[in-house]
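To start, the structure itself, in structure tokens.
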Amino acid sequence: MSERARPTHHCAELRRAHAGERVVLTGWVDRVRDLGGLLFLDLGDYRGTTQVVVRPGTDAARVAKRVGAWWVLAIEGQVLAREPETVNPAVETGEIELEAEVVRVLSEARTPPFPPTATADVAEELRLRYRYLELRNPRLQRNLRIRGRLASEIRAHLDGHGFLEVETPFLTRSTPEGARDYLVPSRVHRGRFYALPQSPQLFKQLLMIGGVDRYYQIARCFRDEDLRADRQPEFTQVDIEMSFADPELVIEITEGLFRRALGAVGIEVRPPFPRFTHAEAMDRYGVDRPDLRYGAAITDLTELARNSGHRILDSILDGGGALRGIAAPGCAGFSRKRLDELQKVAVAAGAGGLFRAAFRDGAVRSPLARMLGPDRLFRLLEAAGGASGDLLLLVAGEPRTASVALGALRRRLATSEGWIGKDDFRMAWVTDFPLFDWSETESRLTSVHHPFTSPHPEDLHLLEDEPLRARSLAYDVIANGYEMGGGSIRIHDRRTQQRIFDALRVPPEEARERFGFFLEALEYGTPPHGGIALGFDRIAMLAAGARSLREVIAFPKTTSATDLMTGSPGSVRTSQLDEVGVALAGRRRRASGAD
RNA sequence: GGGGUCGUAGUUCAGUCGGUCCAGAACGCCGGCCUGUCACGCCGGAGGUCGCGGGUUCGAGUCCCGUCGGCCCCGCCA
Numbered sequence: 238m239s240e241r242a243r244p245t246h247h248c249a250e251l252r253r254a255h256a257g258e259r260v261v262l263t264g265w266v267d268r269v270r271d272l273g274g275l276l277f278l279d280l281g282d283y284r285g286t287t288q289v290v291v292r293p294g295t296d297a298a299r300v301a302k303r304v305g306a307w308w309v310l311a312i313e314g315q316v317l318a319r320e321p322e323t324v325n326p327a328v329e330t331g332e333i334e335l336e337a338e339v340v341r342v343l344s345e346a347r348t349p350p351f352p353p354t355a356t357a358d359v360a361e362e363l364r365l366r367y368r369y370l371e372l373r374n375p376r377l378q379r380n381l382r383i384r385g386r387l388a389s390e391i392r393a394h395l396d397g398h399g400f401l402e403v404e405t406p407f408l409t410r411s412t413p414e415g416a417r418d419y420l421v422p423s424r425v426h427r428g429r430f431y432a433l434p435q436s437p438q439l440f441k442q443l444l445m446i447g448g449v450d451r452y453y454q455i456a457r458c459f460r461d462e463d464l465r466a467d468r469q470p471e472f473t474q475v476d477i478e479m480s481f482a483d484p485e486l487v488i489e490i491t492e493g494l495f496r497r498a499l500g501a502v503g504i505e506v507r508p509p510f511p512r513f514t515h516a517e518a519m520d521r522y523g524v525d526r527p528d529l530r531y532g533a534a535i536t537d538l539t540e541l542a543r544n545s546g547h548r549i550l551d552s553i554l555d556g557g558g559a560l561r562g563i564a565a566p567g568c569a570g571f572s573r574k575r576l577d578e579l580q581k582v583a584v585a586a587g588a589g590g591l592f593r594a595a596f597r598d599g600a601v602r603s604p605l606a607r608m609l610g611p612d613r614l615f616r617l618l619e620a621a622g623g624a625s626g627d628l629l630l631l632v633a634g635e636p637r638t639a640s641v642a643l644g645a646l647r648r649r650l651a652t653s654e655g656w657i658g659k660d661d662f663r664m665a666w667v668t669d670f671p672l673f674d675w676s677e678t679e680s681r682l683t684s685v686h687h688p689f690t691s692p693h694p695e696d697l698h699l700l701e702d703e704p705l706r707a708r709s710l711a712y713d714v715i716a717n718g719y720e721m722g723g724g725s726i727r728i729h730d731r732r733t734q735q736r737i738f739d740a741l742r743v744p745p746e747e748a749r750e751r752f753g754f755f756l757e758a759l760e761y762g763t764p765p766h767g768g769i770a771l772g773f774d775r776i777a778m779l780a781a782g783a784r785s786l787r788e789v790i791a792f793p794k795t796t797s798a799t800d801l802m803t804g805s806p807g808s809v810r811t812s813q814l815d816e817v818g819v820a821l822a823g824r825r826r827r828a829s830g831a832d
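For the first sequence, this note's numbering begins at 238 and goes up steadily by one.
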């Protein structure tokens, strides 16, 4: 009688051809069907299940009578081909069963708070608290396997292109700009703090200076900001940097990476990906990460609409405004209620109002018809790429605002009208981002990308006088309306870097204090370099067809950045605080639970 | 920081206008019966801080205020 617990086969492996073999299976009890005499139990793991038959009166039966769901067993016995009338065609292993001779209980199990293999209707709060149980669910098993496969393919791709995987510190220092840092107090240096990296940005540039001319890392990053379905406080970037690179090289390597990694999980993307300048993306789609899985792009109709006789429209256009529109396919029959909803969406997105025209059966219905006339409305429809049956939605106003509002309508309609095919996957590049934008709250310029992004060489002369018109050598890679990553060619000379800090109004003493080491490094022979950082969790999320990053992270956090399983963040003893020289601000002390 | 939404047996939910609702169902769990089941079946049983605190009321799961937690969104996220 063998005492071994090591399986000879896994639970989805046995077939008719194994009949007669003596095997050992290990796994969880999925279900027990005790018929009083005969007892069946399904033994399984993430690969599948195998039916075990236990005969009455045997030693195996005496043990099997006790077991419950999710006990861990090793079962030794002989594989039997089932009689034709007892074959279960719904199960891969349904042609055989294992006749138990020895049932060993490796582990008993409490009844789980929810059935791990059927979690669809279970409150997420509960699933997160017992995440290790939910991980047994086939959906999460599949997602984790997709994620793991992506990581290994990405490594293989980059290794194959001469990139070296290098780790960079987690305990580093806070940098200005960007998100809030997670801080770690120093015990040795009271009153000083490490910051967890928001990205390995400076380190990867220093690796270029250090002669590692092709670097990558699948790196954890930390940002203490409010969360969303597609944002976690700690997340993973595929961080890539290379010396002597131009945007074309970065794009080529990245496209190859996506083709290989996504291809390995059954998603075909075909480089070269289409490209849009940031200005084109904003004008045509009203966002900097357009979803290309559906049409209804935005068209500028200003010239066709001039001198319409419509008082409001004319005054907007004469004042330098634009008329832009989208043709929503098949939406001509929308009810008054649905049109009102669209109006609300447009106004919430900044539009002053929403004009519309519905085209059906060679006729047009529109509040604009009386002033513009049907012929002009049909010309607008044609210019917007529409046809009979479509609903033309028009926004007049400041050109960019009009596009942003129409972009919001486009996204809303894509969801409500089912414009998105289930297996569509469309990637693209957005290039020529502005270098700066204006922060109303801080009354100063801020970097659109980050302060180490190279200005576009043609726009260097704009930095001091017209900085908001300056473009950068930054690029984003997008998929299905999500930003999948972004990168840039970096500044590699000290003087240009200084001009950027000046434009950002970073005080010289602060620049020196917080990354003097980096500015100094730039003075010791810096190769031109650039790279990209890809949002690995989002790649995995889209590859898995999931709607939330929590679906592709083994142990994710809630939208309030807590871990319901471990209870983090947790309180610490006062002695621990004393050790690191931290005192809680008065009224918070009790609330935080420190004791 | 703001808005929305949800919170009732282990789980998923129902619970009408505030009153036979000392809160029900299904699944799960426990016990009994059952030798070809595979969502086994049949019979029986146990199981509740209606998230928490306060208020209104003769009476609150239900109404009001506050608060905690999950999720979604805006701000924020170079």
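Just so it is clear, CB atoms sit at the ideal spot from N, CA and C, and this is done for glycine as well.
**Asked** Any idea what DSSP makes of arginine 259, helix, strand or coil?
**Response** For the purposes of this step, residue 259 is taken as residue 22 along the first sequence, with counting starting at 1. Arginine 259 falls in the strand class under three-state DSSP.
Taking the alpha-carbon of alanine 585 as reference, which of Arg649, Phe662, Phe752 has the nearest alpha-carbon? Here residue 585 corresponds to residue number 348 of the first sequence, with the count starting at 1. For alanine 585, the nearest C-alpha among the options comes from Arg649.
Query raised in the report: Is arginine 825 buried or exposed, if buried means 16 or more other CB atoms sit within 10 Å of its CB?
Result: Within the first sequence, residue 825 is the residue found at index 588, counting from 1. Residue placement at arginine 825 is poorly supported in this model, since its pLDDT is 42, which falls under 50; the coordinates are not used for a value here.
* Asked: The alpha helix (DSSP H) with histidine 246 in it runs from where to where?
  -> By 1-based counting over the first sequence, the position of residue 246 is 9. Looking at the DSSP string, histidine 246 is not in any alpha helix (DSSP H), and its letter there is neither H nor E.
| message | So, under 8 Å CB-CB, glycine 626 and phenylalanine 596 are touching, yes? Tell me the CB distance rounded to an integer number of Å. | response | Working through the first sequence from its first residue, we reach residue 626 at position 389. Working through the first sequence from its first residue, we reach residue 596 at position 359. Beta-carbon to beta-carbon, glycine 626 and phenylalanine 596 are separated by about 7 Å, close enough to satisfy the 8 Å threshold.
key: Simplified DSSP state of arginine 824, which is helix, strand or coil   = Locating residue 824 in the first sequence gives position 587, counting from the first residue. Because arginine 824 carries a pLDDT of 46, less than 50, the predicted location of this residue cannot be relied on, and the following value inherits that uncertainty. The answer is coil: DSSP assigns arginine 824 none of H, G, I, E or B.
Could you compute how far the alpha carbon of isoleucine 728 sits from the alpha carbon of glycine 658? Residue mapping note: residue 728 aligns to position 491 of the first sequence, counting from 1. Residue mapping note: residue 658 aligns to position 421 of the first sequence, counting from 1. Their Cα atoms are separated by approximately 41 Å.
| said: At the level of alpha carbons, what is the spacing between leucine 370 and valine 309? | reply: Position 133 of the first sequence, counting from 1, holds the residue named residue 370. Position 72 of the first sequence, counting from 1, holds the residue named residue 309. As the crow flies, the alpha-carbon of leucine 370 is around 14 Å from that of valine 309.
Compare the Cα-Cα distances from serine 411 to each of Arg751, Ala820, Pro806 and report the closest residue. For the purposes of this step, residue 411 is taken as residue 174 along the first sequence, with counting starting at 1. Considering only alpha carbons, the answer is Arg751.
### Query
In chain order, which beta strand (DSSP E) runs of at least 3 residues are fully inside the segment 628 to 653?
List check, beta strand (DSSP E) in window: 628 to 634.
Q) Considering only C-alpha positions, which residue in the set Leu443, Ala534, Leu335, Pro744 is nearest to alanine 249? A) As a working mapping, residue 249 is identified with position 12 in the first sequence. Minimum Cα-Cα distance from alanine 249 among the listed residues Leu443, Ala534, Leu335, Pro744 corresponds to Leu335.
Is the beta carbon of alanine 256 sitting closer than 8 Å to the one on isoleucine 333?
-> In the first sequence, counting from the first residue as 1, residue 256 sits at position 19. In the first sequence, counting from the first residue as 1, residue 333 sits at position 96. The beta carbons of alanine 256 and isoleucine 333 sit closer together than 8 Å.
Notebook entry, point to check: Under the rule that 16 or more other beta-carbon atoms within 10 Å means buried, what is isoleucine 490, buried or exposed?
Noted result: Walking along the first sequence from the start, residue 490 turns up at place 253. Per the 10 Å Cβ criterion, buried.
Exercise. Look at alanine 716 and histidine 693 and say whether their C-beta atoms are less than 8 Å apart.
Key: Within the first sequence, residue 716 is the residue found at index 479, counting from 1. Within the first sequence, residue 693 is the residue found at index 456, counting from 1. Not a contact, by the Cβ cut-off of 8 Å.
**Local Cβ density within 10 Å of glutamate 345, reported as buried at 16 or more and exposed below that** = Here residue 345 is taken as the residue at index 108 of the first sequence, counted from 1. With fewer than 16 other Cβ atoms within 10 Å, it is exposed.
- Message: For methionine 445, tell me which candidate among Thr286, Gly644, Phe481, Leu464 has the shortest Cα-Cα distance.
- Response: Mapped onto the first sequence, residue 445 falls at position 208. Residue Phe481 is the option with its Cα nearest to methionine 445.
Exercise for review: List the whole-angstrom C-beta distance separating leucine 251 from threonine 330, where the pair is believed to meet the contact cut-off of C-beta under 8 Å.
Suggested key: Counting from 1 along the first sequence, the entry for residue 251 is found at position 14. Counting from 1 along the first sequence, the entry for residue 330 is found at position 93. A Cβ-Cβ distance of about 5 Å is found for the pair leucine 251 and threonine 330, placing them in contact under the 8 Å criterion.
Q. According to DSSP, what are the bridge partners of alanine 676?
A. Along the first sequence, one-based indexing puts residue 676 at 439. Before going further, note that residue 676 is serine rather than alanine in the sequence given. Partner(s): Arg681.
Taking just the CA atoms, how far does histidine 246 sit from alanine 254? Here residue 254 refers to the residue found at position 17 of the first sequence. Here residue 246 refers to the residue found at position 9 of the first sequence. Using only the alpha carbons, I get a separation of about 13 Å.
- Message: Give the list of continuous alpha helix (DSSP H) stretches no shorter than 4 residues that lie fully inside the segment 349 to 384.
- Response: Within the segment 349 to 384, the complete alpha helix (DSSP H) runs of at least 4 residues are 361 to 366, 368 to 371.
Straight-line CA distance for serine 829 to threonine 799?
Residue numbering aside, residue 829 sits at position 592 when the first sequence is read from its first letter. Residue numbering aside, residue 799 sits at position 562 when the first sequence is read from its first letter. Note that serine 829 has pLDDT 40, beneath the 50 cutoff, so the model's placement of it is unreliable and the number below is only indicative. Looking at the two C-alpha atoms, the distance is approximately 14 Å.
Distance CB(alanine 432)-CB(glycine 523) smaller than 8 Å
As a position in the first sequence, residue 432 is number 195, starting the count at 1. As a position in the first sequence, residue 523 is number 286, starting the count at 1. No, the pair does not count as a contact, with Cβ atoms beyond the cut-off.
Exercise. Do leucine 560 and leucine 576 have their C-beta atoms closer together than 8 Å?
Worked result: Translated into the one-based positions of the first sequence, residue 560 becomes position 323. Translated into the one-based positions of the first sequence, residue 576 becomes position 339. No, they are not a contact pair.
- Task: Output yes or no for whether 8 Å exceeds the beta carbon distance between threonine 405 and proline 437.
- Result: Start at 1 with the first residue of the first sequence, and residue 405 comes out as number 168. Start at 1 with the first residue of the first sequence, and residue 437 comes out as number 200. Threonine 405 is a Cβ neighbour of proline 437, given a cutoff of 8 Å.
- request: Could you check what DSSP says for methionine 721 in three-state terms: helix, strand or coil?
  value: Translated into positions along the first sequence, residue 721 becomes position 484. If DSSP states are grouped into helix, strand and coil, methionine 721 belongs with the strands.
| task | Give the range of the beta strand (DSSP E) segment to which tyrosine 453 is assigned. | result | Taking the first residue of the first sequence as 1, we reach residue 453 at position 216. Unbroken beta strand (DSSP E) run through tyrosine 453: 451 to 459.
### Query
Terminal residues of the continuous alpha helix (DSSP H) containing proline 579?
Here residue 579 refers to the residue found at position 342 of the first sequence. This sequence places leucine at residue 579; proline is not what is there. Per DSSP, leucine 579 belongs to the alpha helix (DSSP H) from 573 to 585.
When the distance is taken between beta carbons, is leucine 617 closer than 8 Å to leucine 630? What you label residue 630 is simply residue 393 of the first sequence in a count that begins at 1. What you label residue 617 is simply residue 380 of the first sequence in a count that begins at 1. No, the pair does not count as a contact, with Cβ atoms beyond the cut-off.
field: Beta-carbon proximity check, asparagine 374 vs threonine 354, cutoff 8 Å
entry: Here residue 374 corresponds to residue number 137 of the first sequence, with the count starting at 1. Here residue 354 corresponds to residue number 117 of the first sequence, with the count starting at 1. When the beta-carbon positions are compared, asparagine 374 and threonine 354 come within less than 8 Å of each other.
Give a yes or no on whether the C-beta atoms belonging to arginine 292 and aspartate 279 are separated by under 8 Å. On the first sequence, position 55 is the one that residue 292 refers to. On the first sequence, position 42 is the one that residue 279 refers to. Not a contact, by the Cβ cut-off of 8 Å.
Notebook entry, point to check: With a Cβ-Cβ cutoff of 8 Å, do glycine 493 and histidine 394 count as a contact?
Noted result: To locate residue 493, count along the first sequence from 1; it is residue 256. To locate residue 394, count along the first sequence from 1; it is residue 157. Yes, these two residues count as a Cβ contact at 8 Å.
- Among the residues of its own chain, which have a CB less than 7 Å from the CB of histidine 543, if the five just before and after it don't count? To locate residue 543, count along the first sequence from 1; it is residue 306. For clarity, residue 543 is arginine in the given sequence; the question names histidine instead. Closer than 7 Å at Cβ, skipping near neighbours: Leu554.
- Pull up the CB-CB distance for threonine 803 and leucine 464, whole angstroms please, since I reckon it's below 8 Å. On the first sequence, residue 803 is found 566 positions in, with the first residue counted as 1. On the first sequence, residue 464 is found 227 positions in, with the first residue counted as 1. Taking 8 Å as the upper bound for CB-CB distance, threonine 803 and leucine 464 are not in contact here, some 17 Å apart.
Report task. Flag this pair as yes or no: are the beta carbons of threonine 683 and leucine 591 separated by less than 8 Å? Result -> The residue you call residue 683 lines up with position 446 of the first sequence. The residue you call residue 591 lines up with position 354 of the first sequence. For the 8 Å CB-CB criterion, threonine 683 and leucine 591 do not form a contact.
ask   = Quick one, which of Arg530, Arg496, Pro244 has its alpha-carbon nearest glycine 660's?
value = If you number the first sequence from 1, residue 660 lands on position 423. The residue asked about is misnamed: residue 660 is aspartate in this sequence, not glycine. Among Arg530, Arg496, Pro244, the Cα nearest to that of aspartate 660 is on Arg530.
Next on the checklist: On the CB-based measure, 16 or more other CB atoms within 10 Å of its CB, does proline 671 come out buried or exposed?
Outcome noted: Here residue 671 is taken as the residue at index 434 of the first sequence, counted from 1. Buried is the call here.
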